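Heads up, the thing below is written out as structure tokens.
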Amino acid sequence: MAGTLTFEPADRYNAFITTCNAAPYTDGRLAGTAVAVKDNISTCGIQTTCGSRILAGYVPPFDAHVVALLRSEGAAIVGKTNMDEFGMGTTTETSGYGPTLNPVDQTRVPGGSSGGSAAAVAAGLVPMALGTDTGGSIRCPAAFCGIVGLKPTYGRVSRYGLVAYANSLEQIGPMARSVEEVSLLMEVISGYDRRDSTMVDRPYAHTPSADIAGLRIGLPAEYFGEGVDPRVAETVRNAIGRLEDLGAETVPCTIPSMSYALAAYYVICTSEASSNLARFDGVRYGPAAPTQKQWHEAYQEVRGEHFGREVRRRIMLGTFALSAGYYGKYYGKAQIARRNVRQDFERVLGEVDIIAGPTMPTVAFRLGEKSDPLSMYLSDILTVPANLAGVPAISVPCGTVDGLPVGLQLIGRHFEDERVVDAAYAYEQGGRS
Amino acid sequence: MVSEIDIENIARLADIGLSREEVAGFTREFNAILEYFDVLDQVPGKETVAAELVNVWRDDEPGCCLSQEDVLANAGSTEDGFIKAPRVM
């Protein structure tokens, strides 16, 4: 039955940038369900800022395809969640609207860049939310906040209406407290959309099954080695042991291209950012550019004043990486590295059904702990390979270290999102028995 | 290694307003990141990936679009139904 949902959350975590206190909804599988949407996904009539001051006050005149699908199934869009500015960050501290706090421990970050979505779900403000994942931005905050987050196969969910940052890597995906809810949300948002030319018509219609007898799970040495907190590694190994108890078989494996995957990722994403973010100039939307000044002067003034430091750094890195004389050294090599990562995944996933490891090498950082950019980039080492390869990956809570959540990451073959969901569901159900 | 002059040039090319005070910090951070990117020199192979890729085109089909009112709604400066931009010359 159609109606209006009253939504006035006590948002102690700064999870939302915008809330809709009276959210309309219609009939459907999500009738009356409060769904929060990351603030880089366009919502008709609701401010969409991408966590950036340069888009303050921007109200999209159209819905992203996923938002239209949510509305058509009766979801009540109750607000837009906080995020690292344009998705650039691993902590939600680069937001132009202040950092989000982790509901598990408010002295810590929720992870990023979908930290607002994760915090809103973890705090119980909403049962489900949408995030986006360019290099781990759904899985990282899911792991740090102790919820479930799925990065679908590249091309499985339409990106129409997503404010682009790094098109060849990013995907919209579901976040919720249980695998079953993530699966339901995935089913709703995976409807085909011809407006996204990278989308493949492979609707996700799946009821999770906990039967994983005979499932072959690859354990890459790189996911348990240097840089991974031994207590996190042990927690994840125990979780994988539970999957073995449920009938899965584990196989050691290696992904040699991991040694340069992170550098390749940052070259590619900053290069794409330098192109995509050129449109933010204060002319068509955002704070007005001074029209009495010359073009470049006005443009630099608006962008210098309203883009945050991390965004400016990444745009400049991408501009540099694509410049004549450096293209071959950085972008050309990064594309070869990306192909190698994809081939490594195809080789390993030819021998096993799923790859398993920790989502993040550590538990949630303290606010302000990652003050230099390189150390923040290094924390993405376990999540970016799935984006480079375009394969589906899920993070499911699998225990705690010092009272802080640890995420088990399960990675599958292209378009086998159902299989990673089943493995996560089996773990979740096995943990409850 | 990039110098502070390089950083100022890159900022100009990217139309990023960088204050004098920010240049030294950006230069230091840039060099640390570029040093890390040097790991890409270990990537085997010299061939270009682009040769393996093909463009996927669709027909250019006219369809419905946003109204002029919707298009102008978010612009900071408008005049006579147009978006007003800074001077080019």
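Those protein sequence lines, which keep their order, are chains A and B.
Quick note: the first sequence, position 380, residue 379 per numbering that gives the first Met the number 0, numbers continuous.
Quick note: the second sequence, position 51, residue 50 per numbering that gives the first Met the number 0, numbers continuous.
Cβ atoms here follow ideal geometry from the backbone N, Cα and C, with glycine treated the same way.
None of the values given here were measured: they were computed from a predicted structure.
query	result
C-alpha gap between residue 431 of chain A and residue 198 of chain A, whole angstroms	Below a pLDDT of 50, predicted positions are generally treated as unreliable, and residue 431 of chain A, at 48, falls in that range; no measurement from the model is reported.
Test: residue 290 of chain A CB closer than 7 Å to a CB of chain B	yes
From A:56, A:379 and A:9, residue whose alpha carbon lies closest to that of residue 124 of chain A	A:9
Rounded separation between residue 54 of chain A and residue 203 of chain A - CA only	33 Å
Residues within the region 62-88 of chain B neighbouring chain A, beta-carbon criterion of under 7 Å	65, 69, 72, 73, 74, 75, 76, 82, 83, 84, 85, 86 and 87
CB contact check: residue 14 of chain B to chain A, cutoff 7 Å	yes
Three-way DSSP call (helix, strand, coil) for residue 426 of chain A in this model	helix
Cutoff 7 Å: residue 176 of chain A Cβ touching any chain B Cβ	no
Contact belief for residue 120 of chain A with residue 69 of chain A at Cβ below 8 Å, rounded distance in angstroms	Going by Cβ atoms, the distance from residue 120 of chain A to residue 69 of chain A rounds to 15 Å, so no, they are not a contact pair.
Closest by C-alpha distance to residue 79 of chain A, when choosing among A:58, A:92 and A:93	A:58
Separation of residue 191 of chain A from residue 17 of chain B, as counted between CA atoms	43 Å
Outcome for residue 66 of chain B when other beta-carbon atoms lying within 10 angstroms are tallied against a minimum of 16	exposed
Length-filtered (4 minimum) alpha helix (DSSP H) runs lying within the region 289-313 of chain A	294-305
Contact the region 8-23 of chain B vs the region 410-419 of chain A: 3+ CB pairs below 8 Å	no
Residue 36 of chain B versus residue 328 of chain A: straight-line alpha-carbon distance, rounded	9 Å
Contacting residues, own chain, Cβ-Cβ under 7 Å from residue 99 of chain A (five flanking each side not counted)	12, 13, 14, 81, 91, 109, 114, 115 and 118
Under 9 Å from the C-beta of residue 26 of chain B: neighbouring residues of chain A	Simply none; closest approach about 11 Å.
Sequence ranges, alpha helix (DSSP H) only - wholly within the region 336-398 of chain A, length at least 4	372-377 and 383-388
Segment limits, beta strand (DSSP E) that includes residue 132 of chain A	127-132
Straight-line gap, residue 37 of chain A to residue 144 of chain A (C-alpha atoms, nearest Å)	16 Å
The region 258-275 of chain A touching the region 309-324 of chain A, judged by at least three CB pairs closer than 8 Å	yes
Rounded straight-line distance, which links the Cα of residue 43 of chain B to that of residue 67 of chain A	45 Å
Supposed contact pair residue 97 of chain A and residue 375 of chain A - C-beta distance, whole angstroms, cut 8 Å	No, residue 375 of chain A and residue 97 of chain A are not in contact; Cβ-Cβ is about 18 Å, not under 8 Å.
Inter-residue CB distance, residue 262 of chain A and residue 340 of chain A (contact presumed, cutoff 8 Å)	Not quite, the Cβ-Cβ distance comes to about 11 Å (not below 8 Å), so this is no contact.
Contact residues within the region 327-340 of chain A, judged by C-beta distance below 8 Å to chain B	328, 329, 331, 332, 333, 334, 335, 336, 337, 338 and 339
Beta-bridge partners of residue 36 of chain A, as assigned by DSSP	A:79 and A:129
Residue 50 of chain B at chain A interface by Cβ criterion, 7 Å	no
Span of the beta strand (DSSP E), counted from its first residue to its last, around residue 248 of chain A	248-252
Length at least 4, wholly inside the region 212-266 of chain A: the alpha helix (DSSP H) runs in chain order	229-244
C-beta contact flag for residue 330 of chain A and residue 178 of chain A at 7 Å	no
C-alpha gap between residue 387 of chain A and residue 27 of chain B, whole angstroms	28 Å
Bridge partners - residue 18 of chain A, DSSP secondary structure assignment	A:78
Same chain, Cβ closer than 6 Å to residue 258 of chain A, neighbours up to 5 away in sequence not counted	none
Same chain, Cβ closer than 7 Å to residue 23 of chain B, neighbours up to 5 away in sequence not counted	3
Chain B contacts from the region 308-319 of chain A (Cβ-Cβ distance under 7 Å)	311, 312, 314, 315, 316, 318 and 319
Contacts of residue 32 of chain B in chain A (Cβ-Cβ under 7 Å)	316, 372 and 373
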